[in-house]
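Structure first, commentary second.
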Amino acid sequence: MGFYLLLTFIVSSYAIAKGSSDSAGALPEEVRQLLKKHKIPNKNLSVSVKELSSGKSLISHNIDVSRNPASTMKLLTTYAALKTLKPNYSWKTEAWIRGSIKSGVLKGDLILKGYGDPFLIHEKYWKFVQGIRDRGLKKITGNIIIDNSYFDIPKTDPGKFDNRPFRTYNAIPSALMYNFQATRLLFRPDKEEKRIDIIPYPWIPEYSYTNRVKYSSKRCARKHHRPTISRTKNKVIIAGSYSAQCGQQYILRAISEADEHAYNGFRDFWRGMGGELTGTLKKGKVTQSDKRFHTYYSDSLGDQIRVINKWSNNVMTRQLLLTLGAKKYGAPGTLEKGRTAILDVLEENNIDHQGIIIDNGSGLSRIARITTRQHMQLLQKAWNDPFMPEFMSSLALSGLDGTMVKRFRKGDQRGRSHMKTGTLRNSKAIAGYMLTRKGKWLAVVIHHNGPKIGGGRGSRIQDAMLRWSFEK
């Protein structure tokens, strides 16, 4: 970690010294006025706008300053995945048996082995379990063994990033990750008893829940969807207030461990399908004597990166980085292998990677770094790549979907930009492609670091830059 921070300091110091002189044109007047209005220094902003057909630079402002790109870092991870794994790549999830099956009864253990499927959501996991049931298995007399050995992840505090350990975006990757490790907490107002009932799913029998949520009859507000959660070992406390006017709603939180979550989901699905289970959860690995019983194949990589980039899914991106490491350098997948696999793709495609800090590949990081010039190089390379359609279609469409759904909803710019957005405290970024009013395709990268860019200020500056670009 110290090496990363030292490298960042060296690269940033060098870039700040030279970045401001690298200019193809002054910032647009509207952008300069907004920076002045909000008292934001020009040096905190990096912008690159280029015509894709000619390579002509329209704006080149501080493009060699190394900055935190927030979730636009996902562009590197998803592009590297397309190049390494190919768009049709799919993940497998396997069920193995340890013992013998007679008349639909497994006298032994069932082993569930994951290979890092980023999108093993509720209905996909149900299909996996149903596939086991469809093969005639009715009863399991042994245990359910969870094999997460395809990834090797160091013990990590999920609250390290922002002290919110139960938020699903902070979930730690796992080779068998069911539904982003999210427990659904259903809030059901009881107006007669003046109380709020909370129903978790999947049920975690090993955990005890203490409900301290206060009943409210006030107007439904955002705070009612943000209860506080604490956990000490297997004791979970949920506190806060909830308005009856909110009706019945749920929130998702990563409360249990990955193997517990996979087991509890399996148990509930299995019993719901009429299957019997007498054992419990165990951790372990598939051995040579075990027999593969069923394999489920995921949605393709091309489909999954649409979820990753349009909706900025951090957990899926981290799963993808680890998969890259495992496929390129052999299992188990590790952070270091995944980072190296991404840098390999940049090297192979002549994209400058000096000083880039990938960290976990999702951009949910305080130390991730890249320059606007490097990001622009990636967009230009991807534009001329055979997999450009898959890459571009994974980006959010202005005013139509994903993280761009509320921007440019009206007017001529609606649906004219494919963008990846990124937001962290003191970091605001956007990168992608735009079809201008005159029918020209542009690549746009905006990195903005520093204070005072929250509260919509950073977005307004970006939008002003995008409006200017649209008229070119």
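Quick note: the sequence shown uses numbering that gives the first Met the number 0, first residue 0, plus one each step.
Glycine included, every Cβ here is placed at the ideal spot set by N, Cα and C.
Small disclaimer: the values here were computed from a predicted structure and weren't measured.
Delimiting residues of the alpha helix (DSSP H) encompassing residue i
i	result
residue 545	In the structure as shown, the chain starts at 0 and stops at 471, and residue 545 therefore has no counterpart that could be examined.
residue 339	334–347
residue 302	300–310
residue 428	That residue, residue 428, is in no alpha helix (DSSP H); its beta strand (DSSP E) goes 426–434.
residue 392	387–392
residue 166	From DSSP, residue 166 is part of no alpha helix (DSSP H); its letter is neither H nor E.
residue 317	313–328
Exposure of residue i, with buried meaning 16 or more beta-carbon neighbours within 10 Å
i	result
residue 383	exposed
residue 448	buried
residue 95	buried
residue 312	buried
residue 173	buried
residue 82	buried
residue 410	exposed
residue 153	exposed
residue 432	buried
residue 440	exposed
residue 338	buried
residue 108	buried
residue 309	buried
residue 162	exposed
residue 469	buried
residue 198	exposed
residue 475	The shown model of the chain, from 0 to 471, leaves out residue 475, and the question about it has no answer.
residue 156	exposed
residue 376	buried
residue 405	exposed
residue 20	In this prediction, residue 20 has a pLDDT of 39, which is less than 50 and means its spatial position is unreliable; nothing more can be read from the coordinates.
residue 420	buried
residue 213	exposed
Range of the contiguous beta strand (DSSP E) that encloses residue i
i	result
residue 444	440–448
residue 519	The shown model of the chain, from 0 to 471, leaves out residue 519, and the question about it has no answer.
residue 263	Where residue 263 is concerned, there is no enclosing beta strand (DSSP E), although the alpha helix (DSSP H) it sits in stretches over 257–271.
residue 373	No beta strand (DSSP E) holds residue 373; the alpha helix (DSSP H) holding it covers 371–382.
residue 292	290–296
residue 282	280–282
residue 183	182–189
residue 422	416–423
residue 194	194–200
Backbone CA spacing between residue i and residue j [nearest angstrom]
i	j	result
residue 59	residue 133	59 Å
residue 362	residue 292	38 Å
residue 194	residue 206	22 Å
residue 179	residue 117	8 Å
residue 276	residue 143	9 Å
residue 422	residue 138	48 Å
residue 365	residue 437	39 Å
residue 373	residue 53	18 Å
residue 463	residue 30	6 Å
residue 315	residue 85	17 Å
residue 261	residue 46	44 Å
residue 442	residue 127	41 Å
residue 418	residue 322	25 Å
residue 357	residue 72	7 Å
residue 471	residue 69	27 Å
residue 211	residue 124	32 Å
residue 348	residue 378	12 Å
residue 57	residue 284	55 Å
residue 299	residue 306	11 Å
residue 397	residue 446	18 Å
residue 49	residue 403	21 Å
residue 459	residue 452	9 Å
residue 241	residue 223	5 Å
residue 89	residue 24	45 Å
residue 414	residue 290	50 Å
residue 326	residue 332	8 Å
residue 208	residue 381	49 Å
residue 105	residue 218	54 Å
residue 253	residue 220	23 Å
Heavy atom of the ligand FAD within 7 Å of residue i beta-carbon
i	result
residue 285	Among the components of this structure there are no ligands whatsoever, and the ligand FAD is therefore not found.
Any 3 or more C-beta pairs closer than 8 Å across the region 387–407 and the region 362–371 = The region 387–407 is not in contact with the region 362–371.
Ordered list of beta strand (DSSP E) runs contained in the region 8–88, each at least 3 residues | Listed in chain order, the beta strand (DSSP E) runs fully inside the region 8–88 are 44–50 and 56–60, counting runs of at least 3 residues.
Starting from the N-terminal side, write out each stretch of the alpha helix (DSSP H) that is 4 residues or longer and does not extend beyond the region 110–162.
-> Entirely contained in the region 110–162, the alpha helix (DSSP H) runs reaching 4 residues are, in chain order, 121–133.
Could you tell me which uninterrupted beta strand (DSSP E) segments, each at least 3 residues in length, are contained entirely in the region 213–248, listed from first to last along the chain?
-> Taking only runs of at least 3 residues, the beta strand (DSSP E) segments lying wholly in the region 213–248 are 227–231 and 234–242.
Just checking, does the region 236–255 make contact with the region 182–190 on the three C-beta pairs under 8 Å criterion?
-> Below 8 Å, enough C-beta pairs join the region 236–255 and the region 182–190 to call them touching: three or more.
Can at least three beta-carbon pairs, one atom from the region 342–359 and one from the region 66–83, be found at a separation below 8 Å?
-> In short, these stretches touch, since the Cβ pair count reaches three.
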